[in-house]
Each structure stands twice: as structure tokens, then as C-alpha cells.
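>
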Amino acid sequence: MEHHLLCASSSLLLLFLFSSIPVTSQFTFGSSKQAHNYANVSCIENERQALLQFKHGLIDESNRLSSWIGEGCCSWEGISCRRTTGSVLKLDLRNTVPLYSYDVGYHCTNCLGGQLSPSLVNLTNLRYLDLSVNNFSTFQVPAFLGLLKNLRYLNLSSAGFRGEIPHHLGNLSHLRYLDLGDSSSSPASNWLSTKDLGWVAGLSSLEGLVLSRVSLTAAQDGLQSVNMLPSLTTLDLNGCGLFIHPHLSHVNFTSLASLDLGENNFSNYTAPPWLCNLTGLHDLRLGHNNLSDPIHGLFDQMISLVHLDLSSNRFDASTLKSLCNVSSLTYLDLRDNNVQGSIPSEIGQLINLTYLDMRFNNLQGSIPSEISQLINLTYLDLRDNNVQGSIPSEIGQLSKLTNLSLSGNSLNGTIPTNLWQLTKLQDFDIGYNSLTGVLSEDHFSKLRELKSLDLSGSSLALNVSSSWVPPFQLRRIRMGSIIVGPRFPAWLRTQKEVEVLHMRNASISDAIPSWFRVLCHNITSVDLSSNSLTGNPLEFKFNGSLQQHNFLTGHIPQLEVGQTVVPALSSLLLNDNRFTGTIPEDLCKSEYLSELDLSNNLLSGRVPLCLGNLRYLDTLNLANNSLSGQIPSSLGNLWRLDALHLNGNKFVGKLPTSMQHLRNLQTLDLGDNGLKDIIPAWIGERLSNLRFLRFQSNNFHGPISDTLCQLSYLQVLNLAHNNLSGFIPHCFNNISAMVSSLLHGDGGVDSQESLEDIKGGREVEYDVWSLLLVRSVSLSANNLVGEIPDEIMELVQLQFFNLSQNHLTGRIPKKIGNLKQLEALDLSMNAFGAIPETLSDLYSLSFLNLSHNTLSGPIPSGNQLQTLTDPSIYEGNSGLCGNPPNNCWEHKLPAKNGPIDDVNRVNVYEIGENSIPVTSQFTFGSSKQAHNYANVSCIENERQALLQFKHGLIDESNRLSSWIGEGCCSWEGISCRRTTGSVLKLDLRNTVPLYSYDVGYHCTNCLGGQLSPSLVNLTNLRYLDLSVNNFSTFQVPAFLGLLKNLRYLNLSSAGFRGEIPHHLGNLSHLRYLDLGDSSSSPASNWLSTKDLGWVAGLSSLEGLVLSRVSLTAAQDGLQSVNMLPSLTTLDLNGCGLFIHPHLSHVNFTSLASLDLGENNFSNYTAPPWLCNLTGLHDLRLGHNNFLIQFMVCLIK
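Just so we're aligned: 1044 in the working numbering is position 1044 of the sequence shown, and the numbers increase by one with no gaps anywhere.
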């Protein structure tokens, strides 16, 4: 919609006095036929020779000047002559080929290049010279052009010229139009500058001056010279680096009709006051200037102002209100400002307005009904504000509207009926609001001209017949997160012009039809992610393949390259599907790929070496597959890469040294593999932009390299679960991002970026917005020695700090109180000697583990420590005393317990006279701890019961080899009561990392077989963990309901099938029950229940995990869970709760952790009873199709 700088009112200024040759600033001058009008005019020989000499210096790849032969130069391409004398008046060699015809990489084959010959000075009558939009790179604007004294029009814009503008151009006293500017879309940009604009004063006849993107940084007072041009009507100084707008004591160029001062980012924040004198302005552009001061009255005298661009400044609502008095306006751009409050009703006074853009502000309130008075409006954009209420029906009276954008607001209700009567509408965008309703075929029947439709992110449903033929041909379709399914939309088959198709999370549960694969030949961007699509994926014939989060199977298809009608593939996202096989080398043919995400599939084999040829790749995510072999050295060629995720595979060997060339890398995640190497010095020396470094769970050895301290931007350092040795570097205080809060911003982190790391003792996945805030160091489960360096206490931005399971000694530093932002601290399983009083200064602390050290003396009290009452925090430290000091900590029976690691969350449940810590998903400690009671006598009938239980198991890896002899209390996984020898704990959880499993998830370390009912003879059993094994085809045994003394039962991810037995409801002492499942487990549970009533019998329950248990037939089951007043943890992730349950009264108000994620609630709203759970620490509602408005009560 933008007008050209030369508005219609000033077009006459470009007519010549001596010939009837029309001129223009940027567009072609006539056609080739016009240039041949004088073919019968004799050509002056010396001018013909001058032109041939000029041609000789040019590079003409496309042979544009092929007509420059023979005697009649007046008929040559781009030449116009005077009819009477044959002298050349006009030389127009502007390149007019549209940008899309240029080769990839902006090599413009149609552009002229080379060097300009001074022979042009022989064209003594030349009035018009246009060499714009060509490519004369590396050459300066020739000084000899200043000798062309008769020039009226000179256009050298966007032609690749470099350097200082020659002052000789000031000799062109007859010049009326000069364009040395640049366009961002040109194939070869000008890079021009001038230190002094004094030469402009010599252009006494100048009426149009375009210097856009010419650097005037060294000529800040240059406008004084321009001010001396009284005939000037058009002035373009866009993007010239005028950081301080020039002061003019007297304004001489009052004839200005068009002025562009945009994109200069004035540091004094005010509009030039002399603008008030330019009362004849028609076109004023001040966009992208950081202006903020009010400009009241500035436009009062501009009675002719038609076009006003104030975009990307910081103007407020007062500016908008004052503009409502400028009734001459037809174009108003106020986007991306600081306009707050309601849209004033006075907006209706702008009756001539055809274009109104106020997106990206903070507009509130409702849209005023007075908007109906803007009867000439064709373009209305209010996107991304906070406009509330319903869409006013008055908008439906704007019959000329072609573009209507209201997305990203808080609009509610249904879509007014008369909006569907806007027959000229081409672009209709109402996505991401709270609109409701079902849209039928009738709604769209009059929108015949519609080309773009965005309904995304609202509570809308599309209900049309399978035979519907829409009246329009759409180019852009965006229907993400509304109900389009369950069937694949058949009406798409009628749309022949589709370029963009986004139907993410559209409730489509169907196979991709064959006809759609044909339709995709023309689509340039498609997003069908987060549906339930089945079958094989689409072929990659478009730009941006978003098919992640589906159930697509089979092999990744072959690429089709060499397409001419669509751009090269730039984004391929196939993550979170079920693809098998290897990564096809065919992917490497898509040489312009910038983003490749194949994570969370079942891919195997080696990474193709040719991926290193994808030179435009900036994101590579192959995480959580079964890829093997060494990391290919060719990845070091990906110099643009800023995110590399290879975690969760089976990579072995050393890091290739070629990776040191990845200088732009910000995220490097190699965790959960089998890599064996030292930490190379080049990581700190070369990868200086790293922000997130994760090597967890590998076999890195040797010392922690001091060069890591050079990573000043580092926010997350996770080296946990390796074999690192030596001391913690003293130089960590050089990591600026953990010391100062000043290093914020996205730093170029991609919006799709995520990272797994610890938080409060368990592993979580951070999205991009959380990543920007997190600061974490985890060095746990290594062989580090020595003391904690005092320098670490300078990392005052640190939130999560884990040094557990090392051999660290000495005192915990007194300066630990400096770490005010610390939320989780784990120093367990070391040999620290005392707790400093300053620990109580950590007022943000919500997780603490100091267990199993050699701590002695009093435990600090006060402040945040008062809330951390879990006794397991301090256990295993016999010398500690409580408060008061003489109330010493009693040495408890050591259980099979250990510190948290980067994937653990520990809770403690008292078991009789013992204190046995338990965890929701992960193992405690090592097998050595389970043998603490080898000297305790074993009860014979319980020993026989265990042997009978072993007999029913399949134990491929011989895990239970220690189950021989009389002393069953020393057997693997067994803990007994010290006084009686009765078995209290049976922990057979499989702890081997996933990368050790065979391809296809055949888990050799998993126990299998059938559970023997002999377990009921373990009458004192408090703790039973059989998780992460493979008891496939078997149901959860009903006899487990007879283990009346159980406090902890974990059967998660163990391959159980079928209905959960209601007998479990008899376990009235049970405090923790986990029947859930993890997507990364070797054998998934496939459990369900039709009635959760049995849960009400678990009256002592504090933790309940039913993740991925099907509750589809038990939608009201939460009523039973609500009867558990002690419940603090509830996980119902992925349970098929399509409609969230209604609770008239909330009983489980002690809940601290609640996960209702991945249920895709069809009512689009979060359960209102969440507002009653005021004690929640952890709330997960992801993948539920919720609308943002539900967050209000939670924020309060």
C-alpha cells in the first residue's frame, strides 16, 4: 500500500523544458517501442562512438545491449534522441527484471556491470541518465558525471556503487532530480557516504533529492546545504545515520511536498521542530526513529497531509488523539509504538482514511462504533494489541475493506454476521483471540475474493461437508489450534493456488490422502504438526516441512530437488514421530536448508557425512534417536550453526576437533551418549558464543578445562554423570552471564530452541523463553576433589547448583549467602564438614540436599530454611544438631538412598522406625548402600518367598546373581530392618541409561517374566519398585493389594497391560503410587481404568502418578482423587481427559505439583478449580489447546 516518494501532486516537476521526455525516480521510462520512435533520425557519429566505447567497458551477461550495432544509435535499446538534430537526450539502462528472476544468492544475470567509460561526456546534450538497479560493485560514482552540464535527471540508485560521493556532482546546476539512494530489495546495494553535503547547494534547480541509506554520519549538518534549495519538493534521507536531527534556524525549502526521515534512530527522541513550517507536506515519513516526545500541534497547519508514517517509535495515546484532527489523511501508520488505552471515538473524524495500521501497540478496551464512519477504509490492521470485547458489527459496514487483521487480541464472542458480507475482503485475519462458534459453508459464501484466511488459536470449529466447494481460491490458509478434523479437510482439494497451509493442532485424526500430495506441488510452506496424522510423510517439495508431533511412520522420504516453481527447502521439522531407518543422504541435496529437526524418532545408523555440506544450516537437532558411531567431523563445516542437539543417542568416541570451527554455536547438547574424551580446551577458546553446554551422562574424563571460564555468555553448564577428576576451576567467576544480570536478550536464540537440564532436582525441558532466564551449573556424579572455590560464590545469578556425588571436602564457603537467586542446591554425597550460618540467607531456595556428608555442628535456622522441613535433607551426617543445639540429629538406619542427580526428585516417607527416602522415577544411590545390613539375619520364609519370586522372572543380564546363600538382606535391591531382619524394601528398578539398550528397544538389562504371588509373604514390605523393566503382556497383579504395609509402589514404564486392579485401593498406608509411563522407556505401560473409585481407599496417599494411563472411560475419576486430602503430587499427563473434570469443591488443596499436560481438552479452558490450588509449586498444562485468558486467576 506504500506510495512512492514522488506523489502525484509533484510528478510534473520531472518534465523537461527542452523535450517531452517524462521521467521517474524508480520506474522504467516508457517501453522499448517509445525508445524506437526516432529510428529514422540520423545519429551523430561521435555520440555513436561514445556509446560504443561506453558499451565496451560494461559487463552484459544477458546481452541486453545486443541492439547496439549498426549506424542508427537512436533506435538502440535505452536510447532516445532529439528528433531535429539526432543528439542523444536520454540513456535509460535501468534493470527492470523483477527480483524473483535473480539467481539464488543475488547474482543478478540481468544486471549490467563493469566500469563506466568517461566517453559519456561526449553526449553533450544528455538530459536523462538512469543506471539504477544494476551491479557496478567495487566502483565509485565517476567524478566525470559532473561534466554532463545539461543533465536534468540522474538515477544511480541500487547499482552497487561504493565510497565517497564526488563533489563534482554539484556542478550539475540544471539537475532537477538526483537519486543516489538504495533499496533493501535491490540485487546490489550502494554503499555511499559523504563527509560534506556542501556540493548539494550547487544544484540550484533541484526538485527531487533521494539519498536513502547514504551514510551522512560524518555530515550531520548537511541539511543546512539542502535547505538552500528553494525548489525542492521531494527529499528522502531514510536510513542515513542522522542520529541527531539537524537544527535549522530558518527553513528555506518550504515547498517540500514529500519528506522521508525514517530509520535514523534520532538519539534526542524528538521530531525536528522545523517540521511545523512545512505546511505544504503531502507525504511525511518518520518511522523507526525512536521518537517519544509528544508532537501536539505539529500537524495542525499541515492541511494537505495525506500520507503519514510514524511506525516503530514510542508515541503514546495523546499522539493518536491529536492525529484525529488531520482530516486530510488517507494513510496513517502508527504500528509498533507505545499507544495505550482505548481507541478514541474521534477516530471517526478521519473520513478520508483508506489505510490504518495500529498493530503492535497496547491498545485496550473495545473497538469504538465510530469506526463505521471510515467509509473509505480498505486496510485495517489492529493485530497484537489487547483489544477486548466483541468484534463490533460496525466493521461490517466498511464495504470497501480488502484487508482486515484483528489477530492477537482479547476479542471474544462470535464473529458478527455482517463481517461475512464484506465481499471485497482479500485478507481476513482474526486468529489468536477468544472467539467462539461453528463456521459453516454459509459463512464463506460471499467471500469470493478472499486470498488469505487466518482463524488460528481461537475456539472455533469448521463444520463443512466433504463435498463443499468454496467460492474462493486461497493462497494462505492458517487454521492452527481450531477444530478442522477429525477427517482430513476434503475442500482443500479445490484450492489450486495455496502457497501457505498451516493446520497445526487442528484435531485431524486421519491418513494424509493421496490427492493432497499432488496439491503440495505448489505449496511453499506447510505445517500439519501436532495432529494425529498417520501413514507416510509428505514429500518435501515446499519451503518448511512442519510435520512434527504426529504418528507418521516408515522411512524419511526422498527429497525432490531442482524445482523451479518453489523456493529451495529451508526448514525440515519431522521431530516427535515414529520414523525408522537411517537418515537419508538425499537430505544433503537441499543445500539451502537452515533448520533440520529429526529428534524424538526411532532413527538408527550413522549420521551421513554429507550433512556437513549444508552450509546454510543454523539448527541441527537429531536428539533422542538411536544414532550410533562417531560424530562426523564434517559437521565442523557448518559454520553458521547456532544450535546442535545430538543428545540421547549412542554416539561413541571423541569429539571431532573440527567442531572448533563452529564459532556461532550457542547451544551444544551432547548429553546421554557414550562419548569418551577429555573436555577439549578449544571449547572455551573457540566457541566463545556458547550459552548452553550439556555433556551429561557420557564418559568424559580428566580435569575440567580452565578454558571453559572464557565462555562469558554461558548460562547452563551441565557436566554431570561423567568421570571427571581434579579440582573445580577457580576461574568460574569469569563467566559473566552468571555474575551479571545485564547480559539478557535472546542473543539470536531460535524460537524453536529447547534444552533439558535440572531444576529442583529433576530434569525438565526449557523452552526458548525459559532458556533466556535460566542459570545453572551441574557437576554431579563425577570424581572431583578439593574444596568449593570461593570464586564460585561470585556467580550471584546462579539458580541451580549441583555438586553431589563427588569427593569434595572442606567447609561449605561462608559466602554462599551471596547466591541470592539460588533455587536448588545439592551438595550431598561428599565430605563437607560444616554448614555456614549464611545458608539461611538464600531466600529463594526451594530445594536443598546436604545428606551423606561429614557435617557437624548446628543446623542453621531462620528465613527460607524454616520451610525446608524434609529430614532427608540432612540425613547421613551423624554430627549435626538441630534447633536447639542440644537436640542432636539421631543417626538413622542407612537406607538405599543417594543424592539427587540431574534427573531425580526426592521425597521422604517415614516407614515405621526407619526413614527411607523415595523417588518418583529414579534410583537412589548404589548397590553398595543396599548391602549395609549384610550382618543382619534373614527371616527364612521371606528368603524363600524372594527365591520363588526370582524363579518367575526372566533375568537376561543376571542382575540377581547375588540372590544366593542365606543372607538375603545383602542381596541386590534388598533392605531389611536392623532389629528383626524383615524385608522392608525391594528395589529392582532398571537404572541402565537408554543408550545401552539394543536397537529396537530390546532391553537386555530389563527384568521380565511373571510376578510371583509369593511376595505377599513379605508382610513388612514398605517399598516396592519394579519400574523401567519389561513385564510385557502381563497385567498389574491383583495380589499387590494384599501388601497392606506398603508405603511406596512404583510400577512405571515396566510394560504392564490392561485394566488396573481395584484391589490396589486396599493399600491404605500407601503414600506414593506410580503406574505412569515415559515415552523414553524401553517398555511402555498400556494401562487403563474405567473407574478410579478405588483411589479413594488410598487415604494416606501423597503422590499419585498415572501419566499416560488411559482415563478416557473414567472422565469423572478426579472426583475420587479429590478425596485425598494429603495429596501433594498428581500427574495425569496424557490420560485422554478430553473434557477436564468439574469439581464443585476442591479437597486436595495441599497439591504442590500438578501435571494435566497433553490431554487436548476440547473445551479449551483450564479447570476453574485451579484457582483454589494456591500452594502449587509446579503446574504443567502444556499441549492442551488452552486459551491464554485462563491464566488470570493464577497470576493473581
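C-beta atoms are modelled at their ideal positions from N, C-alpha and C, and glycine is treated no differently. Small disclaimer: the values here were computed from a predicted structure and weren't measured.
As a quick exercise: from Asn386, Gln364, Asp357 and Leu350, pick the residue whose alpha carbon is nearest that of isoleucine 371.
Position 371 of the sequence shown holds residue 371. Considering only alpha carbons, the answer is Leu350.
> In chain order, what residues of the same chain have a beta carbon less than 7 Å from the beta carbon of leucine 425, not counting five sequence neighbours either side?
By 1-based counting over the sequence shown, the position of residue 425 is 425. Excluding sequence neighbours, leucine 425 sits near Leu401, Thr402, Leu404, Leu447, Glu449 and Leu450.
> Considering only residues of the segment 135–199, which uninterrupted beta strand (DSSP E) runs meet the minimum length of 3 residues and lie entirely inside it, listed in chain order?
The segment 135–199 contains these whole beta strand (DSSP E) runs: 153–155, 162–164, 177–179 and 191–193.
> Terminal residues of the continuous beta strand (DSSP E) containing lysine 650?
Translated into positions along the sequence shown, residue 650 becomes position 650. Counting along the chain, the beta strand (DSSP E) containing lysine 650 begins and ends at 650–653.
> Where are the beta strand (DSSP E) runs, 3 residues long or more, that stay fully inside the segment 294–359, in chain order?
Entirely contained in the segment 294–359, the beta strand (DSSP E) runs reaching 3 residues are, in chain order, 307–309, 331–333, 340–342 and 355–357.
> Do you know how far the Cα of aspartate 677 is from the Cα of leucine 880?
Numbered from 1 along the sequence shown, position 880 holds the residue referred to as residue 880. Numbered from 1 along the sequence shown, position 677 holds the residue referred to as residue 677. Each residue's Cα considered, the two are about 40 Å apart.
> If you measure between the beta carbons of asparagine 1159 and glycine 1136, is that distance less than 8 Å?
For the purposes of this step, residue 1159 is taken as the residue at position 1159 of the sequence shown. For the purposes of this step, residue 1136 is taken as the residue at position 1136 of the sequence shown. Yes, the Cβ-Cβ distance between asparagine 1159 and glycine 1136 is below 8 Å.
> Mind listing, in chain order, the continuous alpha helix (DSSP H) runs of no fewer than 4 residues lying wholly within the segment 670–754?
With a minimum length of 4 residues, the continuous alpha helix (DSSP H) runs that stay inside the segment 670–754 are 682–686 and 736–739.
> Could you tell me the alpha carbon to alpha carbon distance between serine 322 and proline 344, rounded to whole angstroms?
Numbered from 1 along the sequence shown, position 322 holds the residue referred to as residue 322. Numbered from 1 along the sequence shown, position 344 holds the residue referred to as residue 344. Roughly 10 Å between the two C-alpha positions.
> Use the C-beta contact count for valine 936: other C-beta atoms within 10 angstroms, 16 or more gives buried, fewer gives exposed.
For the purposes of this step, residue 936 is taken as the residue at position 936 of the sequence shown. Burial call: buried.
> Would you tell me roughly how many angstroms separate the C-alpha atoms of threonine 854 and methionine 793, rounded to the nearest one?
Mapped onto the sequence shown, residue 854 falls at position 854. Mapped onto the sequence shown, residue 793 falls at position 793. Approximately 22 Å, taken between the alpha carbons.
> Considering only the beta carbon of each residue, do serine 158 and valine 141 sit closer than 8 Å?
Here the question's residue 158 lines up with position 158 in the sequence shown. Here the question's residue 141 lines up with position 141 in the sequence shown. Contact: no.
> With a threshold of 16 other CB atoms inside 10 Å of the CB of tryptophan 76, please say whether the residue is buried or exposed.
Here residue 76 refers to the residue found at position 76 of the sequence shown. Buried, since its Cβ has 16 or more Cβ neighbours within 10 Å.
> Which class does leucine 382 belong to by DSSP, given the choice of helix, strand or coil?
Taking the first residue of the sequence shown as position 1, residue 382 is located at position 382. Coil.
> Leaving out the 5 sequence neighbours to the left and right, which residues in its chain are closer than 8 Å to glutamine 220 when beta-carbon positions are compared?
Position 220 of the sequence shown, counting from 1, holds the residue named residue 220. Excluding residues within five positions, the ones whose Cβ falls inside 8 Å are Leu242, Phe243, Ile244 and Pro246.
> On the criterion of 16 or more Cβ atoms from any shown chain inside 10 Å, does serine 975 qualify as buried, or is it exposed?
The sequence position of residue 975 within the sequence shown is 975, counting from 1. The residue in question, serine 975, is buried, as its Cβ has 16 or more Cβ neighbours within 10 Å.
> Spell out the partners DSSP gives phenylalanine 801 in its beta bridges.
Translated into the one-based positions of the sequence shown, residue 801 becomes position 801. Paired residues: Val777 and Leu825.
> Take leucine 180 as the anchor and find which of Gly208, Ser529 and Gly348 has the nearest alpha-carbon.
On the sequence shown, position 180 is the one that residue 180 refers to. When only C-alpha atoms are compared, the closest one is Gly208.
> Rounded to whole angstroms, what's the CA-CA distance from glycine 480 to serine 1153? Just pull it up for me.
Counting from 1 along the sequence shown, the entry for residue 480 is found at position 480. Counting from 1 along the sequence shown, the entry for residue 1153 is found at position 1153. So the two alpha carbons sit approximately 30 Å from each other.
> The alpha helix (DSSP H) that contains histidine 951, what's its start and end?
The residue labelled residue 951 in the question sits at position 951 within the sequence shown. Unbroken alpha helix (DSSP H) run through histidine 951: 940–951.
> For serine 183, which of Asn125, Glu263, Glu164 and Val121 has the nearest alpha-carbon?
Numbered from 1 along the sequence shown, position 183 holds the residue referred to as residue 183. Closest by alpha carbon: Glu263.
> Can you check whether the CB of serine 225 is closer than 8 Å to the CB of serine 193?
Locating residue 193 in the sequence shown gives position 193, counting from the first residue. Locating residue 225 in the sequence shown gives position 225, counting from the first residue. No, they are not a contact pair.
> Please list the terminal residues of the continuous alpha helix (DSSP H) segment that includes serine 514.
Taking the sequence shown and counting its residues from 1, one reaches residue 514 at position 514. Residues 514–519.
> Looking only at DSSP bridge pairs, what is arginine 1180 linked to?
Sequence index remark: in the sequence shown, residue 1180 carries index 1180 (1-based). Beta-bridge pairing links arginine 1180 to Asp1155.
> Can you tell me the Cα-Cα spacing of serine 42 and arginine 285, whole angstroms?
Walking along the sequence shown from the start, residue 42 turns up at place 42. Walking along the sequence shown from the start, residue 285 turns up at place 285. In a straight line, the C-alpha of serine 42 is about 47 Å away from that of arginine 285.
> Whose C-beta lies closer than 6 Å to the C-beta of leucine 635 among residues of the same chain, with five residues either side of it excluded?
On the sequence shown, position 635 is the one that residue 635 refers to. So the list reads Gly612, once near-sequence residues are dropped.
> For a quick check, are the C-beta atoms of histidine 852 and glycine 833 less than 8 Å apart?
Within the sequence shown, the letter at position 852 stands for residue 852. Within the sequence shown, the letter at position 833 stands for residue 833. Not closer than 8 Å, so no.
> Helix or strand or just coil, what does DSSP make of cysteine 240?
Here residue 240 is taken as the residue at index 240 of the sequence shown, counted from 1. Cysteine 240 falls in the coil class under three-state DSSP.
> May I have the straight-line CA-CA distance separating isoleucine 430 from arginine 476, to the nearest angstrom?
As a working mapping, residue 430 is identified with position 430 in the sequence shown. As a working mapping, residue 476 is identified with position 476 in the sequence shown. Distance between the alpha carbons of isoleucine 430 and arginine 476: 14 Å.
> Which partner residues does alanine 461 have in the DSSP bridge list?
Residue mapping note: residue 461 aligns to position 461 of the sequence shown, counting from 1. The partner list for alanine 461 (beta bridge, DSSP) reads Val438 and Ile483.
> Can at least three beta-carbon pairs, one atom from the segment 668–685 and one from the segment 631–650, be found at a separation below 8 Å?
Output reads yes: the segment 631–650 touches the segment 668–685.
> On the three-state DSSP scale, how would you describe glutamate 1059?
Here residue 1059 is taken as the residue at index 1059 of the sequence shown, counted from 1. Glutamate 1059 falls in the strand class under three-state DSSP.
> Taking buried to mean at least 16 other C-beta atoms within 10 Å of its own C-beta, is asparagine 783 buried or exposed?
The residue you call residue 783 lines up with position 783 of the sequence shown. Classification for asparagine 783: exposed.
> Nearest-angstrom Cα distance between leucine 1007 and aspartate 955?
As a working mapping, residue 1007 is identified with position 1007 in the sequence shown. As a working mapping, residue 955 is identified with position 955 in the sequence shown. Cα to Cα, the separation comes out at about 5 Å.
> Rounded to whole angstroms, what's the CA-CA distance from serine 1053 to leucine 1173? Just pull it up for me.
The residue labelled residue 1053 in the question sits at position 1053 within the sequence shown. The residue labelled residue 1173 in the question sits at position 1173 within the sequence shown. Distance between the alpha carbons of serine 1053 and leucine 1173 is about 29 Å.
> Starting from serine 1120, trace the alpha helix (DSSP H) both ways and give me its first and last residue.
The sequence position of residue 1120 within the sequence shown is 1120, counting from 1. That run of the alpha helix (DSSP H) goes 1118–1121.
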